[in-house]
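What follows is a set of notes on a single structure, which appears directly below.
Residue numbers (my numbering): 1 to 545.
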């Protein structure tokens, strides 16, 4: 009996060149690693994502537990007194969510998939954005306790004074503390007081200065917009993102984000390896891509399938169906590049674009399915766009279930900026965007223009939707992996494990970045979580029926 040769992990063929692909050599390794998928089958009724959010319980607030206990005692003791001070629930929510959103504990973090514990040796002058947010939350609750309990104020100095912060860090801590106070006042509809404090925040922050000041500037503007809406004022002129952008600039900035920050490459290449493994015995492969964009992931997949023919199961036909609700011209341009590549690789290839007004109109009949095909569904930040439109999301999932793909792979943001409670959304967005601002500062330090475009074009929509909008106004919503897991389970979907080979790919990609020590890989269930200095940024998960 002849033993078949082991298929190595995919490589980038030499036909594709260009600076944007120089990192593909990370995959030149071989291994014979496989994983077993756990199969479960259960079904439930579909609910809205807002309902699912309420099912997810955050971890307990850890650092300031004693302060919360003391203040709760103070409030209960004064509950029967007239004119007694009572901390609004918004304050407590701000503090609880600041801590539960940040996963680094006691200055230690998990480095890579090996779970190696590494001490954080950063000096006070190099504090991360979210460490500053944590210290600001500590000062915030301390100021509340101090106003009520003189003995507590004497025995518990500010966190910033304990750490001996630099002058710049101290100013940043105070700035974020003022921002949290503004959010509390807005939550309690104390708009006049909040407006006065916001003006002070504006004076101290500027998008042309350090990362903390830029972050606060975007959030104060969103808070001001919320105040204008809540108080019935005409919206004031926005301070940031008003000038028209060079139409070529966003593309350049997106490319810089992809090339110089590790998040996209880690998840995309690990996902491509997973797709290759799930169609290893298939001669006809059909990918239904819900967010093709410029098609980089499908370029890599096509080359991987082409290389596979050298080992055992050659590819007879590769088909891509791109589902588009916007930017059709960008997808068609990607199709031209894919057809050219297929021709150079001598692969039988077909490419189709399905244009829809919305996913409610998606029908199984227009997908041109073949019984001999292995069908994959790929969603790169596609499903999170539908969270605000549950009818579309559910219609899409019903079609996917009828397709019954061999696997569905999703890459999503690892945040939960969808709570119906304002302060919850505010803190989630602050911590999540804070980590991204921190990563942009470190990875795009030499290119201020691209960094500014990424901040304004990718992060401002998240901030504005979370802070300024309510109800149907919040078009851009993000939910975490726990919410997706609960949602998918209602369609009979379960998580499959990522193979060791896919995880090795993720680790190899990360090792190529200068910022690798700040980026960690971990798991939530079977989903891969990519974090920046302890704060989850994005997730990769593999699903089966």
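Think of the CB as a built atom: it goes at the ideal place given N, C-alpha and C, for glycine as much as any other residue.
The three-state reading of DSSP puts residue 415 in coil, since its state is none of H, G, I, E or B. Residue 322 is classed as buried because its beta carbon has at least 16 other beta carbons within 10 Å across all chains shown.
Counting the other Cβ atoms within 10 Å of the Cβ of residue 375 gives 16 or more, which makes it buried. As a beta-bridge residue in DSSP terms, residue 324 pairs with 355. In the structure shown, the three-state DSSP call for residue 480 is coil. Excluding the 5 residues flanking it on each side, residue 300 has same chain C-beta neighbours closer than 6 Å at 272, in chain order.
Taking the Cα positions, residue 190 is about 10 Å away from residue 231.
Contact annotation, residue 469 with residue 415: C-beta distance approximately 16 Å; criterion of less than 8 Å not satisfied. Taking residue 349 as the centre and dropping the five residues before and after it, the same chain places the C-beta of 318, 342 closer than 6 Å to its C-beta, in chain order. One alpha carbon belongs to residue 286, the other to residue 320, and they sit about 6 Å apart. Excluding its 5 nearest sequence neighbours in each direction, residue 387 has C-beta neighbours in its own chain below 8 Å: 49, 393, 418, 477, 478, 479, listed in chain order. When DSSP states are grouped into helix, strand and coil, residue 544 belongs to the strand group.
With respect to the 8 Å criterion, residue 173 and residue 139 are classified as neighbours on the basis of their beta carbons. The beta carbon of residue 262 sits closer than 6 Å to the beta carbons of 510, 513, 519 from its chain, once the five residues preceding and following it are set aside; these are given in chain order. Within the DSSP secondary-structure output, residue 536 pairs in a beta bridge with 531. Within the same chain, and ignoring the five residues on either side of residue 351 in sequence, the residues whose Cβ sits closer than 7 Å to its Cβ are 320, 335, 338, 339.
Secondary structure at residue 335: helix, using DSSP grouped into helix, strand and coil. Taking the Cα of residue 493 as reference, the smallest distance to any Cα among 296, 401, 370 is reached at 401.
The Cβ neighbour count for residue 499, taken over all protein chains shown within 10 Å, is at least 16; the residue is labelled buried.
Contact between the segment 443–463 and the segment 287–307 is absent: fewer than three C-beta pairs spanning the two stretches fall below 8 Å. In terms of Cα proximity to residue 465, the closest of 431, 435, 536, 425 is 425. For residue 226, the uninterrupted alpha helix (DSSP H) run begins and ends at 211–231, by DSSP. Ranked by Cα distance from residue 181, the first of 203, 276, 220 is 220.
Comparing C-alpha distances from residue 384 to each of 366, 409, 413, 227 shows the shortest one belongs to 413. Assigned with DSSP and collapsed to three states, residue 494 falls in strand. Exposed is the label assigned to residue 355, since fewer than 16 other Cβ atoms lie within 10 Å of its Cβ. Counting only runs of at least 3 residues, the segment 359–398 fully encloses the following beta strand (DSSP E) elements, listed from N- to C-terminal order: 374–380. Considering only 223, 134, 259, 167, the residue with the shortest C-alpha distance to residue 454 is 259. By the C-beta density criterion, residue 164 is exposed, having fewer than 16 other C-beta atoms within 10 angstroms. Membership of residue 524 in the beta strand (DSSP E) is indicated by the continuous run 519–524. In the structure shown, residue 456 adopts helical secondary structure according to DSSP, grouped into three states.
Residue 319 is bridged by DSSP to 286, 350. In the three-state reduction of the DSSP assignment, residue 279 falls in the coil class. Each residue's CA atom was taken as its position, placing residue 433 and residue 460 some 9 Å apart. Counting the other CB atoms within 10 Å of its CB gives residue 396 a total of 16 or more, which places it among the buried residues. Counted as a single uninterrupted DSSP element, the alpha helix (DSSP H) harbouring residue 504 occupies residues 500–511.
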